[in-house]
Amino acid sequence: METEKLYYEDGKQLSFRARVLECREAEDGWDIVLDRTAFYPEGGGQPCDLGVLEGRNVLDVQEAEGVILHRLTQPLLPGTEVQGHVDGARRFDYTQQHTADHILSGVIHRRYGYDNVGFHMGQDSTFIDFNGPLEEGDLEMMEQVANEAVWMDLPVEASWPAAEELAKLDYRSKKALEGPVRIVTIPGVDVCACCGTHARRTGEVGLLKILSCAKLRGGVRVEYVAGRRAYRYLSEVQLQNHLISMALSAKPLRTAEGVRRLLAERDGLKARLAEREQAHIRDAAARLENAGDALVFEEGLDADGLRRMADALKDACGGRVLVCSGSEEGGYQYALAAPEGHDVRAFGKEMNEALSGRGGGREPHFIQGSLCAPRAQIEAFFAAQTHRPAAGEEA
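Residue 0 is where the sequence shown starts when you use numbering that gives the first Met the number 0, and the numbers rise one by one after that.
What follows is the structure, given as structure tokens:
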């Protein structure tokens, strides 16, 4: 016998009494079958309701051939009458997201003819897959149209048309349906076959906000939030924007302008630093011209800076160049280079073994890595290997 589905009769009903018909042992608990329930089972892209049944937590709700299964950790005695209560906040949240899906899918279908071919309702946001392209301007317009439908507070009507009437209806559906079909209608917006829970009126959705849009197999995947989720999201965005405006001394509606100004200043500083670095490298190259093998310790260089300096000095010195940057406490990053045609890999391997280092490279004449050894030990190793003192002073 199919379970009487109270959530279709009244989506606002959260408390109910029912009789236990069966108690089936499951792998990780007990599946309870009732004669009637307000618990919505997982289906149609919508997660199930949670709550309590006779004081026991309902962990999962599924439907099998019209029978609703309530997963509990403890059994209930068949024939007894029990009290159930659905988590209202969770139900309302998913109801807002699902009705928002119908509104957004409906306005996009009416405007572009695209179908909703995929739907996933997550804990933080909801995703809809459409089988056609949408540009940023299209989404902005559709978001506005969808919210106008929300603010018009239109009725959301659910019906079970007879087969003859259903055959005449033009409605959205992801698959061919058999048996009774539940049609959810939002006048002027959407007509769709659906088994989920919905608001009584579109105004209950409150607000719909599109977060992202990604290309997907010739169509797009749209991410959105609605209702309380939209409120929480926009509140967090406002807070972050407020913090940015305070940091930039910019008005809240001028933060993008402030960020662009800051980035321009950063780019200018980077350009000036690059000029100074090049001048510094030229000076070092002039001091070490024709020095042969050379060891240089330099402060404040990152991996790219080490590469640039080693590349420049190897040609000036004409031999192997080891450029190190770091500290006694944290160790040293290095770049080891030689003019093209030379191979420093054997030297680098021996150095890594002697100085607790690691590193490598794709080119025989250049490797990069790190050394866990004090400066004096690095200098001693380099001098012993090259049979000469370390070339240059602090560059």
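We put the CB at the ideal spot given by N, CA and C, even for glycine.
Tell me whether A390 sits in a helix, a strand or coil according to DSSP, three-state version. Residue placement at A390 is flagged as unreliable, the pLDDT there being 41, under the threshold of 50; the coordinate-derived value follows with that caveat. Three-state DSSP puts A390 in coil, outside helix and strand.
Taking the alpha-carbon positions, what's the E393 to A311 distance? With a pLDDT of only 43 at E393, under 50, the local geometry of the prediction cannot be trusted, and no value is derived from it.
A390 versus D292 - alpha carbon distance: Its pLDDT being 41, under 50, A390 is placed unreliably in this model, and the coordinates cannot settle the point.
With 16 other CB atoms within 10 Å as the buried threshold, where does D59 fall? With at least 16 other beta carbons inside 10 angstroms of its own, D59 counts as buried.
Under the assumption that V224 contacts S369 (Cβ atoms under 8 angstroms), give the Cβ distance between them as a whole number of angstroms. With 8 angstroms as the limit, V224 and S369 do not qualify as a contact, their Cβ atoms being about 44 angstroms apart.
Strand pairing of P396, partner residues [DSSP]: In this structure the chain extends from 0 to 394, so residue 396 is not present and cannot be described.
Any idea if Q45 is buried or exposed, counting beta-carbon neighbours within 10 angstroms, 16 or more meaning buried? Only buried fits Q45, as 16 or more other CB atoms lie within 10 angstroms of its CB.
8 angstroms Cβ cutoff met for I127 and N115: Cβ distance < 8 angstroms, so I127 and N115 count as in contact.
Using only CA atoms, which one of F381, A334, V320, R271 lies nearest to D301? Looking at F381, A334, V320, R271, the one whose alpha-carbon comes closest to that of D301 is A334.
Residue from Y232, S104, Q332, A162 whose Cα sits closest to the Cα of I185: With distances taken between CA atoms, I185 lies nearest to S104 out of Y232, S104, Q332, A162.
Please list, in chain order, all residues of the same chain as T94 whose beta carbon is under 7 angstroms from its beta carbon, the five residues on each side excluded. Taking C-beta separations shorter than 7 angstroms and ignoring five residues to either side along the sequence, the partners of T94 in its chain run G10, T196, H197, A198, following chain order.
If L305 sits next to Q332, beta carbons under 8 angstroms apart, how far is it from one beta carbon to the other, in whole angstroms? So it is a contact: roughly 6 angstroms between Cβ atoms.
Extract the residue ranges of the beta strand (DSSP E) inside the stretch 325–381, only unbroken runs of 3 or more that lie entirely within it. Within the stretch 325–381, the complete beta strand (DSSP E) runs of at least 3 residues are 330–336, 356–362, 365–370.
Using only alpha-carbon positions, find the residue among A249, C193, G299 that is nearest to L272. Nearest C-alpha to L272: G299.
Given E325, which residues of its chain have a CB within under 7 angstroms of its CB, disregarding the five upstream and five downstream residues? The sequence as given places Gly at residue 325; Glu does not occur at that position. The residues are Y331, Q332.
By the 10 Å Cβ neighbour count, where 16 or more other Cβ atoms means buried, how is N351 classified, buried or exposed? Buried, since its Cβ has 16 or more Cβ neighbours within 10 Å.
For L52, the residue or residues it bridges with in DSSP: BP columns for L52 point to R55, G83.
Just to confirm, are L268 and Y230 a CB contact at a threshold of 8 angstroms? Contact: no.
Span of the beta strand (DSSP E), counted from its first residue to its last, around S234: Taken as a continuous stretch (DSSP letters only), S234 belongs to no beta strand (DSSP E), being part of the alpha helix (DSSP H) at 227–247.
Looking only at C-alpha atoms, which of I102, F129, K167, Y113 sits nearest to V144? Taking only the C-alpha atoms, the option nearest V144 is I102.
Beta strand (DSSP E) segments (min. 3 residues) lying fully within the stretch 243–300: Listed in chain order, the complete beta strand (DSSP E) runs (minimum 3 residues) inside the stretch 243–300 are 291–296.
Rounded C-beta distance between V85 and A37? I'm assuming under 8 angstroms. Between A37 and V85 the Cβ distance is about 5 angstroms, and since that is below 8 angstroms, they are a contact.
Please report the straight-line C-alpha distance between K313 and E328, rounded to a whole angstrom. One C-alpha to the other measures close to 28 angstroms.
Span separating the alpha-carbon of G340 from that of G317: If I take the Cα positions, the gap works out to 11 angstroms.
Closest by CA to L215, which one among F129, T254, D152? Of F129, T254, D152, the smallest CA-CA separation from L215 is found for F129.
Within 10 angstroms of its Cβ, does Q396 collect 16 or more other Cβ (buried), or is it exposed? Because the chain spans 0 through 394 in this model, residue 396 falls outside it and cannot be assessed.
Compare the C-alpha of V19 against each of E8, I243, L75 and name the closest. For V19, the closest of E8, I243, L75 by C-alpha to C-alpha distance is L75.
Check the DSSP bridge columns for I182 and list the partner residues they point to. DSSP, once it has assigned bridges, lists S158, A192 as partnering I182.
Excluding the 5 residues preceding and the 5 following D169 in the sequence, name in chain order all residues of the same chain whose CB lies nearer than 8 angstroms to its CB. Contacts found: V190.
Rounded to the nearest angstrom, what separates L153 and A213 at their Cα positions? Their Cα atoms are separated by approximately 30 angstroms.
Between G65 and E164, how many whole angstroms is the CB-CB distance? I'm expecting something under 8 angstroms. 22 angstroms between Cβ atoms; not a contact.
Name the residue from R344, V51, G117 whose alpha carbon lies nearest to the alpha carbon of V219. Nearest option by C-alpha distance: G117.
According to DSSP, is L71 part of a helix, a strand, or is it coil? Annotated three-state conformation of L71 is strand, per DSSP.
If distances are taken between C-alpha atoms only, which option among G178, E142, G202 comes closest to E222? Nearest of G178, E142, G202 to E222, Cα basis: E142.
Quick one: Cα of E362 to Cα of L261, how far? Just so you know, the alpha carbons of E362 and L261 end up roughly 38 angstroms apart.
Counterpart residues of F129 in DSSP-defined beta bridges: Per DSSP, N115, V219.
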